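Engineer: Residue numbers for the sequence shown follow this note's numbering, so the first one is 3 and each next one is one higher. No residue lacks a Cβ here, since even glycine has one placed at the ideal position from N, Cα and C. As the structure is a prediction and not an experimental result, all values here were calculated from the model.
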Amino acid sequence: MDQHKPQGGESLADRASEASSLVRPRPRVSERARSHQRAEHFRRRAEEILSLATFDAIVGSHPSMQDLLKRVAYVAATRATVLIQGESGTGKELIAAALHQNSKRRERPYVRLNCASLAESVLESELFGHEKGAFTGATMRREGRFKQADGGTLLLDEISEIPASIQVKLLRFLQEREFERVGGNESLRVDVRVLAAANRDLKALVREGRFREDLYYRLAVVRLDVPPLRARPCDIIPLAQQFLKQAAQENEVEVTGFTRAAERALMNYAWPGNVRELQNAVEHAVILAESELVDEPQLPLQTPETNSQWQLMIPGVTLAELERYAITETLRAVSGSPAKAAKLLGVSRRTIQYRMREYGLSAGTRGGALESVDHDDDDDD
Ligand SMILES: Nc1ncnc2c1ncn2[C@@H]1O[C@H](COP(=O)(O)OP(=O)(O)OP(=O)(O)O)[C@@H](O)[C@H]1O
Ligand SMILES: [Mg+2]
Numbered sequence: 003m004d005q006h007k008p009q010g011g012e013s014l015a016d017r018a019s020e021a022s023s024l025v026r027p028r029p030r031v032s033e034r035a036r037s038h039q040r041a042e043h044f045r046r047r048a049e050e051i052l053s054l055a056t057f058d059a060i061v062g063s064h065p066s067m068q069d070l071l072k073r074v075a076y077v078a079a080t081r082a083t084v085l086i087q088g089e090s091g092t093g094k095e096l097i098a099a100a101l102h103q104n105s106k107r108r109e110r111p112y113v114r115l116n117c118a119s120l121a122e123s124v125l126e127s128e129l130f131g132h133e134k135g136a137f138t139g140a141t142m143r144r145e146g147r148f149k150q151a152d153g154g155t156l157l158l159d160e161i162s163e164i165p166a167s168i169q170v171k172l173l174r175f176l177q178e179r180e181f182e183r184v185g186g187n188e189s190l191r192v193d194v195r196v197l198a199a200a201n202r203d204l205k206a207l208v209r210e211g212r213f214r215e216d217l218y219y220r221l222a223v224v225r226l227d228v229p230p231l232r233a234r235p236c237d238i239i240p241l242a243q244q245f246l247k248q249a250a251q252e253n254e255v256e257v258t259g260f261t262r263a264a265e266r267a268l269m270n271y272a273w274p275g276n277v278r279e280l281q282n283a284v285e286h287a288v289i290l291a292e293s294e295l296v297d298e299p300q301l302p303l304q305t306p307e308t309n310s311q312w313q314l315m316i317p318g319v320t321l322a323e324l325e326r327y328a329i330t331e332t333l334r335a336v337s338g339s340p341a342k343a344a345k346l347l348g349v350s351r352r353t354i355q356y357r358m359r360e361y362g363l364s365a366g367t368r369g370g371a372l373e374s375v376d377h378d379d380d381d382d383d
């Protein structure tokens, strides 16, 4: 940016000393001036980056969110690989999109892949593409997501779920920027910036030996942690208001706000399903609102106190009852998605499905009503 010498006098002094700079150190004052100039350059660059960044859809005035958005603005301008971690529903995809939108690649493709939704063999060919005849049914060559994202950004969502064999291939790409299509020998090179998202602690998976440490460090060149909603209470009402406005518009109802009691209930709730749960709860309440203000009874917030079915007494309750309670409440918070509930509870999806059958929870989520379970949450695009 600013390459000028700070003062004419110093500039002359610099020039005068140039001839002898090989034999004696530059004067200290000039060193100081230069470091001042560098600091000023960084300060102005930071100001410029922050003033240019746009976070239209993101609500977040809590200091932890402000700090996160500042880091997003800084990191967006680079091509650093970023690992975005946070509980389910905290807004990781929104942060990933903001990284792409605020980067020089914004006009280029933004490609997403949910790594949890595909079987190992399909995932490999989805990422890297395959050659004709690579496997039964591969009737023609197909390019993968890396190729599609050339020049742009690739978000690998739920990265914790990729199997070991693909971890190796991903590591190779991150180290050498090279990969091969499944069934092919030709090394391909693409210019792709990789973002990864996880709602499980990848470092803990590394410690358990379930995720490669070298890959972790390659992915987490920069790590952004999205805080849970309960840790940023001042964002709850502004988020709820934004969701209320959207839901009222989409459903064409004249609902304009919340009663005091409803606001208090929103503030007092722990939001295990984070922003997504808040969004669902508000939409539910807007649809059921009996006046232009949403009132507390319309908010589907289930707690042991408000849900008489679950008056759990300790001691007195069995482990099975506790487990059933944990599964039911978690399913409710994630709109009935077994995959998401499994992640929050730290067990496999199969375990959740088994327990749901065992406890007669094959369907039923929000507001305690029996509804069909959402099997369609593993969209990969
Ligand atoms: N700060 C925010 N401001 C506005 N909307 C938000 C914010 N955070 C999240 N949302 C909304 O909440 C919903 C969930 O966010 P998102 O899908 O990004 O979560 P996630 O962390 O990727 O969840 P998961 O781990 O379950 O995939 C989305 O509809 C998103 O638009
Ligand atoms: Mg997500």
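Is the CB of G338 under 9 Å away from at least one CB in chain B?
Structural biologist: Given the protein chain composition of this structure (a single chain), no chain B is represented.
Engineer: As a quick exercise: from I238, R114, M358, P299, pick the residue whose alpha carbon is nearest that of Y327.
Structural biologist: Position 325 of the sequence shown, counting from 1, holds the residue named residue 327. The option with the nearest alpha carbon to Y327 is M358.
Engineer: Mind the definition here: the segment 114-122 touches the segment 154-164 only if three or more C-beta pairs lie below 8 Å; say whether that holds.
Structural biologist: Taking 8 Å as the limit for Cβ pairs, the verdict is that the segment 154-164 does touch the segment 114-122.
Engineer: Using alpha carbons as the reference points, say which of R352, E126, L346, L295 lies closest to G275.
Structural biologist: Taking the sequence shown and counting its residues from 1, the one referred to as residue 275 is at position 273. The candidate whose alpha carbon is nearest that of G275 is L346.
Engineer: Who pairs with R181 in a beta bridge, going by DSSP?
Structural biologist: By 1-based counting over the sequence shown, the position of residue 181 is 179. It is Phe, not Arg, that sits at residue 181 in the sequence shown. For F181, which the question treats as bridged, DSSP gives the partners L190.
Engineer: Give the DSSP bridge partners of G259, in chain order.
Structural biologist: The residue given as residue 259 occupies position 257 in the sequence shown. DSSP, once it has assigned bridges, lists L295 as partnering G259.
Engineer: Give a yes or no on whether the C-beta atoms belonging to V224 and G93 are separated by under 9 Å.
Structural biologist: Numbered from 1 along the sequence shown, position 222 holds the residue referred to as residue 224. Numbered from 1 along the sequence shown, position 91 holds the residue referred to as residue 93. Cβ atoms of V224 and G93: not closer than 9 Å.
Engineer: Does DSSP classify R266 as helix, strand or coil?
Structural biologist: On the sequence shown, position 264 is the one that residue 266 refers to. Of the three classes helix, strand and coil, the one that applies to R266 here is helix, per DSSP.
Engineer: For E294, tell me which candidate among A250, T320, A335, L280 has the shortest Cα-Cα distance.
Structural biologist: As a position in the sequence shown, residue 294 is number 292, starting the count at 1. The shortest C-alpha separation from E294 is found at A250.
Engineer: Please name the residue or residues paired with R46 in a DSSP beta bridge.
Structural biologist: For the purposes of this step, residue 46 is taken as residue 44 along the sequence shown, with counting starting at 1. Looking at the DSSP assignment, R46 forms no beta bridge with any residue, so it has no partner.
Engineer: With DSSP run on the structure shown, which of helix, strand or coil describes A335?
Structural biologist: Mapped onto the sequence shown, residue 335 falls at position 333. A335 falls in the helix class under three-state DSSP.
Engineer: Say yes only if the C-beta of K345 is nearer than 8 Å to one or more non-hydrogen atoms of ligand 2, and no if none qualify.
Structural biologist: As a position in the sequence shown, residue 345 is number 343, starting the count at 1. For ligand 2, not one heavy atom lies less than 8 Å from the Cβ of K345.
Engineer: Quick check: is any heavy atom of ligand 2 less than 8 Å from the C-beta of A140?
Structural biologist: Working through the sequence shown from its first residue, we reach residue 140 at position 138. False, no ligand heavy atom lies under 8 Å from that Cβ.
Engineer: For N116, which three-state DSSP category applies?
Structural biologist: On the sequence shown, residue 116 is found 114 positions in, with the first residue counted as 1. Looking at N116 - three-state DSSP - the assignment turns out to be strand.
Engineer: For Y218, count the other beta carbons within 10 Å of its own beta carbon; 16 or more makes it buried, fewer makes it exposed. Which is it?
Structural biologist: For this step, residue 218 is matched to residue 216 along the sequence shown. When all chains shown are included, Y218 counts as buried.
Engineer: Closer than 8 Å to a non-hydrogen atom of ligand 2 - does that hold for the CB of K94?
Structural biologist: One-based indexing of the sequence shown puts residue 94 at position 92. It does: the Cβ of K94 is within 8 Å (strictly closer) of some heavy atom of ligand 2.
Engineer: Quick one: measure Cβ to Cβ for A344 and S350, integer angstroms, because I've assumed they're closer than 8 Å.
Structural biologist: Your numbering for residue 344 matches position 342 in the sequence shown. Your numbering for residue 350 matches position 348 in the sequence shown. Yes, they are in contact, since the Cβ atoms of A344 and S350 sit about 6 Å apart, within 8 Å.
Engineer: So E89 and N201 are supposed to be a Cβ contact under 8 Å. How far apart are they, rounded?
Structural biologist: Reading the sequence shown from its first residue, position 87 is the one you call residue 89. Reading the sequence shown from its first residue, position 199 is the one you call residue 201. Right, their Cβ atoms sit about 6 Å apart.
Engineer: Could you pull the start and end residues of the alpha helix (DSSP H) that R195 belongs to?
Structural biologist: Stepping through the sequence shown from its first residue, residue 195 is reached at position 193. Premise fails: R195 lies in the beta strand (DSSP E), 195-200, not in any alpha helix (DSSP H).
Engineer: Using a Cβ-Cβ cutoff of less than 7 Å, which residues in the same chain neighbour E265 once the five nearest sequence positions on both sides are dropped?
Structural biologist: Translated into the one-based positions of the sequence shown, residue 265 becomes position 263. Counting only Cβ-Cβ distances below 7 Å, and skipping sequence neighbours, we find I239.
Engineer: Here's the rule: buried if 16 or more other CB atoms are within 10 angstroms of the residue's CB, otherwise exposed. What is N253?
Structural biologist: Against the sequence shown, residue 253 aligns to sequence position 251. Burial call: exposed.
Engineer: Taking 7 Å as the limit between beta carbons, can you name the residues of its chain near A335, skipping five residues before and five after?
Structural biologist: On the sequence shown, residue 335 is found 333 positions in, with the first residue counted as 1. Result list for A335: P274, G275, E279, in chain order.
Engineer: Starting from the Cα of R220, find the closest Cα among A99, V113, I97, V84 and give me that residue.
Structural biologist: As a first step, residue 220 is located in the sequence shown; it is residue number 218 there, counting from the start. Of A99, V113, I97, V84, the residue nearest in Cα terms is V84.
Engineer: Just the Cα atoms here: how many angstroms apart are Y112 and R34?
Structural biologist: Indexing the sequence shown from 1 puts residue 112 at position 110. Indexing the sequence shown from 1 puts residue 34 at position 32. Straight-line Cα distance between these residues: approximately 44 Å.
Engineer: Compute the distance between the beta-carbons of R214 and L156, then report whether it is under 9 Å.
Structural biologist: Within the sequence shown, numbered from 1, the residue matching residue 214 stands at position 212. Within the sequence shown, numbered from 1, the residue matching residue 156 stands at position 154. No, Cβ-Cβ distance for R214 and L156 is not below 9 Å.
Engineer: Rounded to a whole number of angstroms, what is the C-alpha to C-alpha distance between A55 and L101?
Structural biologist: Taking the sequence shown and counting its residues from 1, one reaches residue 55 at position 53. Taking the sequence shown and counting its residues from 1, one reaches residue 101 at position 99. Their Cα atoms are separated by approximately 10 Å.
Engineer: Per the DSSP calculation, I86 is bridged to which residue(s)?
Structural biologist: Here residue 86 refers to the residue found at position 84 when the sequence shown is read from its first residue. The partner list for I86 (beta bridge, DSSP) reads A199, L226.
Engineer: Under the three-state reduction of DSSP, which class applies to R144: helix, strand or coil?
Structural biologist: Sequence index remark: in the sequence shown, residue 144 carries index 142 (1-based). The answer is strand: DSSP assigns R144 an E or B state.
Engineer: Write down the C-beta distance between S63 and A233 rounded to the nearest angstrom, noting that I regard them as a contact closer than 8 Å.
Structural biologist: Walking along the sequence shown from the start, residue 63 turns up at place 61. Walking along the sequence shown from the start, residue 233 turns up at place 231. Not confirmed; about 14 Å, so no contact.
Engineer: If you draw a straight line from the C-alpha of A283 to the C-alpha of T258, how long is it?
Structural biologist: For this step, residue 283 is matched to residue 281 along the sequence shown. For this step, residue 258 is matched to residue 256 along the sequence shown. About 16 Å.
Engineer: Within the present structure, is the beta-carbon of D203 separated from the nearest heavy atom of ligand 2 by less than 8 Å?
Structural biologist: By 1-based counting over the sequence shown, the position of residue 203 is 201. Not so, every heavy atom of ligand 2 lies at least 8 Å from the Cβ.
Engineer: What distance in whole Å lies between the Cβ atoms of L363 and I329, which are believed to be in contact at a cut-off of 8 Å?
Structural biologist: Residue numbering aside, residue 329 sits at position 327 when the sequence shown is read from its first letter. Residue numbering aside, residue 363 sits at position 361 when the sequence shown is read from its first letter. The pair is a contact, with the Cβ atoms about 7 Å apart (cut-off 8 Å).
Engineer: State the DSSP-derived secondary structure class of L449, mapped to helix, strand or coil.
Structural biologist: Residue 449 is absent from the structure shown; the chain starts at 3 and stops at 383.
Engineer: According to DSSP, which residues form a beta bridge with H132?
Structural biologist: Taking the first residue of the sequence shown as position 1, residue 132 is located at position 130. BP columns for H132 point to R144, V184.
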